[in-house]
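**Q** The following block contains the structure, expressed as structure tokens.
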Amino acid sequence: VFHLSHKVTRVVPESALLIVLGVILGGVVWAADHIASFTLTPTVFFFYLLPPIVLDAGYFMPNRLFFGNLGSILLYAVIGTIWNAATTGLSLYGIYTTGIMGEMEIGLLDFLLFGSLIAAVDPVAVLAVFEEVHVNEILFIIVFGESLLNDAVTVVLYNVFESFVTIGPENVTGIECVKGIVSFFVVSLGGTLVGIIFAFLVSLFTKHVRIIEPGFVFIISYLSYLTAEMLSLSAILAITFCGICCQKYVKANISEQSSTTVRYTMKMLASGAETIIFMFLGISAVNPYIWTWNTAFILFTLLFISIYRVIGVVLQTWILNRYRMVQLEIIDQVVMSYGGLRGAVAFALVVLLDENKVKQRNLFVSTTLIVVFFTVIFQGLTIKPLVQWLKVKKTEHREPKLNEKLHGRAFDHILSAIEDISGQIGHNYLRDKWSNFDRKFLSKVLMRRSAQKSRDQILNVFHELNLKDAISYVAEGERRGSLAFIRSPSTDNMVNVDFSTPRPSTVESSVSYLLRDKAGPVCLDMQALEQRRKSIRDTEDTVAHHTLQQYLYKPRQEHKHLYSRHEIMHDEDEKQDKEIFHRTMKKRLESFKSTKLGINHTKKLNKIHKRDRGQKR
């Protein structure tokens, strides 16, 4: 309904509309039953709604952009998240000690726990807004990559601080802090490793199966998420890197039909999950039992997350710009600071809190809902006018020209060579080494043999041109009413014939018309030809029959295919194109060879008779 009127979705982000709709529906349900029948539970969110969204983000991630800016993304996602969590928690605790917030049963670790979960920049909310704004590629990938990895970092931080709250502040020693730091790296790197292992498994499975290959892509990717969760590792990082690492090999292994199935199913699942999440965020808000109001706590939370987001982005960008070739300008920093939208991840984490351990759980839930609604609705509404007012460079939706591709490829090789000669190990040098390793080892193990052969772009272009050339031969033959021009001595040496210019024709431009007109004198019966093959006319009939057999698509005998679970019937047009192509290319090669070797016309006819007799038997 939203998309029927594009005027509405151009102004108001879909995520904000869904939250408003959820609040309205929640009000209707509450008015009818006086009970919150539907809420967004952490189990449903983390096990059923989040995986398809993160897998979609990873599978369609522009790998070159992502790994080219990985250093910047990791700095914002790891250091930035720790900065936001620590500063927000400590600042709120500082305000609390002044007595402005009133009397509350709360400690420093509770504030740090709240700071860790409210630092979760939500990729769902960010994507929903930034895809509509169409900012430039560098800015998009940094904000998107940061929000994606930031979720994983937030969950790990949340678990560390929750364990501190569980054991009690008096038991938190230096050793426990060291354990927390070590567990942070183990959980993050372990989740990434699990994702990469399952990505290779997906590639191996799709290499050997055909019909059920789309199922393997979804099931094994989801298994990576469950396995990481079972091992207490980062499940979000696992399924993200599973999608990132498998996309190249899966796309090469699976058929075009399966690729389309995977693409559309993944988008449908992600879009559906995103819609459910935002609607249920609105519905969950209509529940008086979860609301505890503290004006000072809520206002200072909104103030601190905004201020420390800006300070963090400015400080980290200042450090990065000393090493980045493409500088992040002031305008980009403003958009990045403003793009820190909170969403369902923060809400799901706060709902997970145990009221027996965290006494102010309802206050944290209420504040998180206010923060989510404020960032998604207010910042989501104003970010588009802000981008237009600041004249942020937007992305260009066009296919790069051949010249641009060639220069880009040349610069890649030149830069990696310069790094190699100067002894510096930069990202160009590493990318070049990885490409060589992938080509020599990984691709041979994880890709089908046919996919490895068809990877060369020049061969792909050559194949397409040959196909067009073959079809143009047949079209020209149909226009002339005969395909004899291909066999004539004057054209035997022709490699490419230009059919773009129209030629005057005195005959009807249809082979079927020619056959109807000459139906009496032309004989296509092989038995009759074998009995009377010595006459000149029979020789001409043989040539005509052979030409028709070689260059025209012969309709197959109609028969019904039985339903098969293990086979997909090919499209008739596709079969026709392939058969025409193969026959035409074969004939042209034979013609070329015979011309080079000087084989006379009589020997050709004798070979034709023998082959036809063999086919007849």
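Counting in UniProt numbering, the sequence shown runs from 1 upward without gaps. Beta carbons: idealized from backbone N, C-alpha and C, even for Gly.
1. Give me, in chain order, the residues of the same chain whose beta-carbon lies closer than 6 Å to that of Gln247; leave out the 5 immediate sequence neighbours on both sides.
2. Among the residues of its own chain, which have a CB less than 6 Å from the CB of Leu157, if the five just before and after it don't count?
3. From the DSSP output, in three-state form, read off Lys433 for me.
4. Buried or exposed for Thr33, going by 16 or more other Cβ atoms inside 10 Å?
5. State the Cα-Cα distance for the pair Thr265 and Ile239, rounded to the nearest angstrom.
6. Residues in the same chain with beta-carbon distance under 6 Å from Leu467, minus the five sequence neighbours each way, listed in chain order, please.
7. Specify, as a first and last residue, the run of the alpha helix (DSSP H) that Ser72 falls within.
8. Which residue from Gly190, Gly243, Ile212, Gly191 puts its Cα closest to that of Ala199?
9. Residues in the same chain with beta-carbon distance under 7 Å from residue 692, minus the five sequence neighbours each way, listed in chain order, please.
10. Can you have a look at Met81 and say buried or exposed, based on whether 16 or more other CB atoms are within 10 angstroms of its CB?
11. Where Leu302 and Val8 are concerned, what is the direct C-alpha to C-alpha distance, given to the nearest angstrom?
12. Would you say the segment 65–80 touches the segment 245–259, given that touching needs at least three Cβ pairs under 8 Å?
13. Report yes if the CB atom of Ile283 is closer than 8 Å to the CB atom of Gly26, and no otherwise.
14. Would Leu353 pass as a contact of Arg342 if the rule is Cβ separation under 8 Å?
15. Report the CB separation of Phe205 from Ile220 in whole angstroms; it is logged as a contact under 8 Å.
16. What's the gap between the Cα of Tyr289 and the Cα of Pro52?
17. Just to confirm, are Leu349 and Ala120 a CB contact at a threshold of 8 Å?
18. Measuring CB to CB, does Gly22 end up less than 8 Å from Leu281?
19. Excluding the five sequence neighbours on either side, which residues of its own chain have a C-beta within less than 7 Å of the C-beta of Ile141, listed in chain order?
20. Less than 8 Å separating the beta-carbons of Arg233 and Gly180?
21. Please report how far the alpha carbon of Met325 lies from the alpha carbon of Lys586, in whole angstroms.
22. Considering Ser203, what are the terminal residues of the alpha helix (DSSP H) in which it resides?
23. What number of angstroms, rounded off, separates the C-alpha of residue 702 from the C-alpha of Phe364?
24. Tell me which same chain residues have a C-beta within less than 6 Å of the C-beta of Ser509, skipping the five on either side of it?
25. Which term fits Leu315, buried or exposed, when burial requires 16 or more other beta carbons within 10 angstroms of its beta carbon?
26. So what's Arg480 in DSSP terms, helix, strand or just coil?
27. Which residue marks the beginning of the alpha helix (DSSP H) containing Tyr289, and which one marks its end?
28. Can you check which of these residues, Glu137, Leu402, Leu430, is closest to Leu415 by C-alpha distance?
29. So, at 7 Å on beta carbons, what are the nonlocal neighbours of Asp420 in its own chain, with the 5 sequence-adjacent residues on each side left out?
30. At which residue ranges does the segment 69–132 contain complete beta strand (DSSP E) runs of 3 or more residues, listed in the order of the chain?
31. Compute every distance between the C-beta of Thr192 and the non-hydrogen atoms of the ligand SAH, then say whether any falls below 7 Å.
32. Would you call Asn406 buried or exposed, if buried means 16 or more other Cβ atoms sit within 10 Å of its Cβ?
33. Out of curiosity, what's the CA-to-CA distance linking Gly107 and Gly380?
34. Locate the alpha helix (DSSP H) running through Phe140, then write down its first and last residues.
35. If you follow the alpha helix (DSSP H) that His413 is part of, which residue opens it and which one closes it?
36. Would you call the CB atoms of Lys393 and Asn136 closer than 8 Å?
**A** According to the structure data:
1. Locating residue 247 in the sequence shown gives position 247, where the first residue counts as 1. Around Gln247: Tyr59.
2. As a first step, residue 157 is located in the sequence shown; it is residue number 157 there, counting from the start. Cβ within range, chain order: Ala85, Ser116.
3. For the purposes of this step, residue 433 is taken as the residue at position 433 of the sequence shown. Helix at Lys433.
4. Translated into the one-based positions of the sequence shown, residue 33 becomes position 33. Here the sequence assigns Asp to residue 33, which means Thr is not the residue at that position. Result: exposed.
5. Taking the sequence shown and counting its residues from 1, the one referred to as residue 265 is at position 265. Taking the sequence shown and counting its residues from 1, the one referred to as residue 239 is at position 239. When rounded, the distance between both Cα atoms is 17 Å.
6. Reading the sequence shown from its first residue, position 467 is the one you call residue 467. Here the set comprises Phe581.
7. If you number the sequence shown from 1, residue 72 lands on position 72. Segment 70–74, the alpha helix (DSSP H) holding Ser72.
8. Taking the sequence shown and counting its residues from 1, one reaches residue 199 at position 199. Comparing Cα positions, the closest option is Gly243.
9. The shown model of the chain, from 1 to 617, leaves out residue 692, and the question about it has no answer.
10. On the sequence shown, residue 81 is found 81 positions in, with the first residue counted as 1. It is worth fixing the name first, because residue 81 is Thr in this sequence and not Met. Thr81 comes out buried.
11. Here residue 302 is taken as the residue at index 302 of the sequence shown, counted from 1. Here residue 8 is taken as the residue at index 8 of the sequence shown, counted from 1. Those two C-alpha atoms are separated by around 27 Å.
12. no
13. Reading the sequence shown from its first residue, position 283 is the one you call residue 283. Reading the sequence shown from its first residue, position 26 is the one you call residue 26. In contact: Ile283 and Gly26 (Cβ atoms closer than 8 Å).
14. Position 353 of the sequence shown, counted from the start, is the residue given in the question as residue 353. Position 342 of the sequence shown, counted from the start, is the residue given in the question as residue 342. For Leu353 and Arg342, no; Cβs fall outside 8 Å.
15. For the purposes of this step, residue 205 is taken as residue 205 along the sequence shown, with counting starting at 1. For the purposes of this step, residue 220 is taken as residue 220 along the sequence shown, with counting starting at 1. Their Cβ separation, rounded to whole angstroms, is 7 Å, which keeps Phe205 and Ile220 in contact under 8 Å.
16. Here residue 289 corresponds to residue number 289 of the sequence shown, with the count starting at 1. Here residue 52 corresponds to residue number 52 of the sequence shown, with the count starting at 1. If you take the alpha carbons of Tyr289 and Pro52, they lie about 31 Å apart.
17. Position 349 of the sequence shown holds residue 349. Position 120 of the sequence shown holds residue 120. Against a cut-off of 8 Å, the Cβ pair of Ala120 and Leu349 comes out as a contact.
18. Locating residue 22 in the sequence shown gives position 22, counting from the first residue. Locating residue 281 in the sequence shown gives position 281, counting from the first residue. Their beta carbons are under 8 Å apart, which means Gly22 touches Leu281 by this criterion.
19. Here residue 141 refers to the residue found at position 141 of the sequence shown. Closer than 7 Å at the Cβ level, and outside the excluded window around Ile141, lie Pro62, Leu65, Phe66, Asn69.
20. On the sequence shown, position 233 is the one that residue 233 refers to. On the sequence shown, position 180 is the one that residue 180 refers to. In the sequence on display, residue 233 carries Leu and not Arg. For Leu233 and Gly180, no; Cβs fall outside 8 Å.
21. Residue 325 sits at position 325 when you count from the first residue of the sequence shown. Residue 586 sits at position 586 when you count from the first residue of the sequence shown. Those two C-alpha atoms are separated by around 52 Å.
22. Against the sequence shown, residue 203 aligns to sequence position 203. Start and end: 174–208.
23. Given a span of 1 to 617 for the chain in the structure shown, any question on residue 702 remains unanswerable.
24. Here residue 509 refers to the residue found at position 509 when the sequence shown is read from its first residue. Here Ser509 scores only 41 on pLDDT, less than 50, and its place in the model should not be relied on; the value that follows carries that caveat. Taken in chain order, the residues that qualify are Arg479.
25. Working through the sequence shown from its first residue, we reach residue 315 at position 315. The residue in question, Leu315, is exposed, as its Cβ has fewer than 16 Cβ neighbours within 10 Å.
26. Stepping through the sequence shown from its first residue, residue 480 is reached at position 480. DSSP places Arg480 in helix when its eight states are reduced to three.
27. On the sequence shown, residue 289 is found 289 positions in, with the first residue counted as 1. Run containing Tyr289: none; DSSP gives neither H nor E here.
28. As a working note, residue 415 is residue 415 in the sequence shown. Comparing Cα-Cα distances from Leu415 to each of Glu137, Leu402, Leu430, the minimum goes to Leu430.
29. To locate residue 420, count along the sequence shown from 1; it is residue 420. These residues qualify, in order along the chain: Tyr429.
30. none
31. Inclusion of the ligand SAH in the displayed structure is not the case, the ligand content being empty and no account of it being possible.
32. Position 406 of the sequence shown holds residue 406. Note on residue identity: the sequence assigns Leu, not Asn, to residue 406. With fewer than 16 Cβ atoms within 10 Å of its Cβ, Leu406 is classed as exposed.
33. Taking the sequence shown and counting its residues from 1, one reaches residue 107 at position 107. Taking the sequence shown and counting its residues from 1, one reaches residue 380 at position 380. For Gly107 and Gly380, the distance between alpha carbons rounds to 33 Å.
34. Start at 1 with the first residue of the sequence shown, and residue 140 comes out as number 140. Looking at the DSSP string, the run of the alpha helix (DSSP H) that includes Phe140 is 137–167.
35. Stepping through the sequence shown from its first residue, residue 413 is reached at position 413. Run containing His413: 402–422, per the alpha helix (DSSP H) assignment.
36. In the sequence shown, counting from the first residue as 1, residue 393 sits at position 393. In the sequence shown, counting from the first residue as 1, residue 136 sits at position 136. Yes, these two residues count as a Cβ contact at 8 Å.
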